[in-house]
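Peer 1: I have a structure here, written as structure tokens, and I will follow up with some questions on it.
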């Protein structure tokens, strides 16, 4: 991978924390906690002029006292002390800084002047900066996470995220880990983005073998030409999806106070994304949904969908949702219909949507799912399940563990996407959702959310397949 200075941010051999703190809740304390919680294997140098140690890690009274030049430095001091921190890092020879402190251009004109001075000082010292006003950085392949929010251990995944908001690296990350059950690869909080920007990170993640897909949250595109060049190259290699907020006048005003961003005309943004091969996402929940699907499932080869539903009404609703989203209800092969009809009762004929009313036993469902996955005319399976305690499986009752047949079967069809949509008892739903998603089968409530996420993934395939 070409090294543009980003490697030290995501694969640091040593980390210095300026503003490390013994006080629970302070940013300098949370950073140390998160680094230790993720099993980081490099050297850690907390800088605190009064403490001997923090969480068992030896402290150093000043940057000058740190025994080596750190690969990465986390700066967690008040904004007024930022220029002094830059000066100390320059004297030490540190070249990569993540600045989690706020109080710059996002709050006032004086803050903007301080931010400009910060950038000039960093450039004079050839220091790269992520931030300021960022909530941290994550690199799970490196067992490294430094956030100002108490996230603890972060699950490893294939999705790398670039976010011009602290929320994604904090609250949303906790939601993803605990509620949506998928992990991440790298996460960069850009904050005010005075130096390292989204285009440079897209380039880096594009060449990163650990990253399978890239998700962005942006309030402004910093350099349109640079962004299009980077994203156009990378979006032919792997999915690049983005939520660009500030569509409305109210959203644009909020973006200015949040990260000092000036939102561009929305039609210009749409045009830039199309040129770049970036799939634009509408809505925060959709952003999480497509992130989950891209982290768990392959990008579909096409848009042909088989719908399996125990409810005729849900099957019809799913078919409508597919057509609205740009997916097509597949024409199954004669051979598939023949095999399905062998396990269906005589009063019911297989179609698509496939009415699973005739297959109340879960073992019959498994057989039908195999036949559908074997069909070369199917790219995506939307599997609607009604899970109620008392559902039959053989001579016993269906248990959550029996759903393991789904991920096991998918191993035989690595290029097919499957979205599970579950309705039924809430407790059973939550248990099944966790069980399946821990085995890389994304679960949604019926019917639109999962289908819309699959449609976003198909649009990624269209960009990946476009001619040069």
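Residue numbers (the numbering used here): 201 to 668. We put the CB at the ideal spot given by N, CA and C, even for glycine.
Quick check: what's the CA-CA separation for residue 387 versus residue 546?
Peer 2: The residue you call residue 387 lines up with position 187 of the chain shown. The residue you call residue 546 lines up with position 346 of the chain shown. Residue 387 and residue 546: Cα-Cα distance of roughly 54 Å.
Peer 1: Below 8 Å on the Cβ atoms is my contact criterion, and I expect residue 339 with residue 389 to pass it. Report the Cβ-Cβ distance as a whole number of Å.
Peer 2: Against the chain shown, residue 339 aligns to sequence position 139. Against the chain shown, residue 389 aligns to sequence position 189. In fact, because the Cβ distance is near 13 Å, the residues do not count as touching under 8 Å.
Peer 1: What's the call for residue 660, buried or exposed, on a 16-neighbour Cβ count within 10 Å?
Peer 2: Along the chain shown, read from residue 1 onward, the residue named residue 660 stands at position 460. Per the 10 Å Cβ criterion, buried.
Peer 1: Could you please give the first and the last residue of the uninterrupted beta strand (DSSP E) stretch that includes residue 339?
Peer 2: For the purposes of this step, residue 339 is taken as residue 139 along the chain shown, with counting starting at 1. Run containing residue 339: 336-339, per the beta strand (DSSP E) assignment.
Peer 1: From the DSSP output, in three-state form, read off residue 621 for me.
Peer 2: Working through the chain shown from its first residue, we reach residue 621 at position 421. It is a strand residue.
Peer 1: Kindly list the residues whose CB is nearer than 7 Å to the CB of residue 587, restricted to its own chain and excluding five residues on each side of it in sequence; keep chain order.
Peer 2: Your numbering for residue 587 matches position 387 in the chain shown. For residue 587, where only same-chain residues beyond five positions count, the Cβ hits under 7 Å are 622, 624, 625, 628, 629 and 632.
Peer 1: What are the start and end residues of each continuous beta strand (DSSP E) run of 3 or more residues lying completely inside the region 605-667, in chain order?
Peer 2: Listed in chain order, they are 617-624.
Peer 1: Quick check on the DSSP output: what are the complete alpha helix (DSSP H) runs of length 4 or more inside the region 473-549, in order along the chain?
Peer 2: Counting only runs of 4 or more, we get 484-496, 512-525 and 534-543.
Peer 1: Does DSSP put residue 389 in a helix, in a strand, or in coil?
Peer 2: Within the chain shown, the letter at position 189 stands for residue 389. Of the three classes helix, strand and coil, the one that applies to residue 389 here is strand, per DSSP.
Peer 1: What does the alpha-carbon distance come out to for the pair residue 341 and residue 385?
Peer 2: Residue 341 sits at position 141 when you count from the first residue of the chain shown. Residue 385 sits at position 185 when you count from the first residue of the chain shown. So the two alpha carbons sit approximately 7 Å from each other.
Peer 1: Between the region 360-379 and the region 303-314, do at least 3 Cβ pairs fall closer than 8 Å?
Peer 2: Verdict: no, contact absent.
Peer 1: Pull the bridge partners of residue 361 from the DSSP assignment, please.
Peer 2: Taking the first residue of the chain shown as 1, we reach residue 361 at position 161. Partner(s): 387 and 415.
Peer 1: Pairing CB atoms from the region 568-577 with CB atoms from the region 522-533, are three or more of them under 8 Å?
Peer 2: The region 568-577 is in contact with the region 522-533.
Peer 1: Return helix, strand or coil for residue 589, following the three-state DSSP convention.
Peer 2: For the purposes of this step, residue 589 is taken as the residue at position 389 of the chain shown. Residue state, collapsed to three classes: coil.
Peer 1: Touch check for the region 477-492 and the region 431-446: three-plus C-beta pairs under 8 Å?
Peer 2: Yes: at least three Cβ pairs fall under 8 Å.
Peer 1: Let's test the definition: count the other Cβ atoms within 10 Å of the Cβ of residue 264 and tell me whether it reaches 16, buried, or not, exposed.
Peer 2: Against the chain shown, residue 264 aligns to sequence position 64. That one is exposed.
Peer 1: Cα separation between residue 665 and residue 504?
Peer 2: In the chain shown, residue 665 corresponds to position 465, counting from 1. In the chain shown, residue 504 corresponds to position 304, counting from 1. Going from the Cα of residue 665 to the Cα of residue 504 covers about 16 Å.
Peer 1: Pull up the CB-CB distance for residue 654 and residue 500, whole angstroms please, since I reckon it's below 8 Å.
Peer 2: Within the chain shown, residue 654 is the residue found at index 454, counting from 1. Within the chain shown, residue 500 is the residue found at index 300, counting from 1. Contact flag correct, Cβ pair sits at about 7 Å.
Peer 1: May I have the straight-line CA-CA distance separating residue 237 from residue 348, to the nearest angstrom?
Peer 2: The residue given as residue 237 occupies position 37 in the chain shown. The residue given as residue 348 occupies position 148 in the chain shown. Using only the alpha carbons, I get a separation of about 13 Å.
Peer 1: Could you tell me the distance, in whole angstroms, from the CA atom of residue 469 to the CA atom of residue 404?
Peer 2: Locating residue 469 in the chain shown gives position 269, counting from the first residue. Locating residue 404 in the chain shown gives position 204, counting from the first residue. Approximately 22 Å between the Cα atoms of the pair.
Peer 1: Enumerate in chain order the residues of its own chain whose CB-to-CB distance from residue 285 is below 7 Å, with the five nearest sequence positions on each side excluded.
Peer 2: Translated into the one-based positions of the chain shown, residue 285 becomes position 85. The residues are 218, 275 and 277.
Peer 1: Determine which residues share a DSSP beta bridge with residue 246 and list them.
Peer 2: Numbered from its first residue, the chain shown carries residue 246 at position 46. Answer by DSSP bridge pairing, in chain order: 217.
Peer 1: Relative to the C-alpha of residue 600, which candidate in 611, 585, 610 and 429 has its C-alpha closest?
Peer 2: Numbered from 1 along the chain shown, position 400 holds the residue referred to as residue 600. Considering only alpha carbons, the answer is 585.
Peer 1: Should residue 225 go down as buried or exposed, given a rule of 16 or more other Cβ atoms within 10 Å for buried?
Peer 2: Mapped onto the chain shown, residue 225 falls at position 25. Result: exposed.
Peer 1: Start and end of the alpha helix (DSSP H) containing residue 567?
Peer 2: Reading the chain shown from its first residue, position 367 is the one you call residue 567. Segment 562-574, the alpha helix (DSSP H) holding residue 567.
Peer 1: Roughly how many angstroms lie between the CA atoms of residue 490 and residue 657, to the nearest whole one?
Peer 2: In the chain shown, counting from the first residue as 1, residue 490 sits at position 290. In the chain shown, counting from the first residue as 1, residue 657 sits at position 457. So the alpha carbons of these two residues sit roughly 7 Å apart.
Peer 1: The alpha helix (DSSP H) with residue 319 in it runs from where to where?
Peer 2: Counted from its first residue, the chain shown places residue 319 at position 119. Where residue 319 is concerned, the enclosing alpha helix (DSSP H) stretches over 309-324.
Peer 1: Excluding sequence positions up to five away, which residues of its chain have a Cβ less than 6 Å from the Cβ of residue 616?
Peer 2: The sequence position of residue 616 within the chain shown is 416, counting from 1. Correct list, in chain order: 573.
Peer 1: Determine the DSSP secondary structure at residue 354, reduced to helix, strand or coil.
Peer 2: Stepping through the chain shown from its first residue, residue 354 is reached at position 154. Residue 354 falls in the coil class under three-state DSSP.
Peer 1: Excluding sequence positions up to five away, which residues of its chain have a Cβ less than 6 Å from the Cβ of residue 369?
Peer 2: Along the chain shown, read from residue 1 onward, the residue named residue 369 stands at position 169. Hits under 6 Å: 335, 336, 347, 387 and 389.
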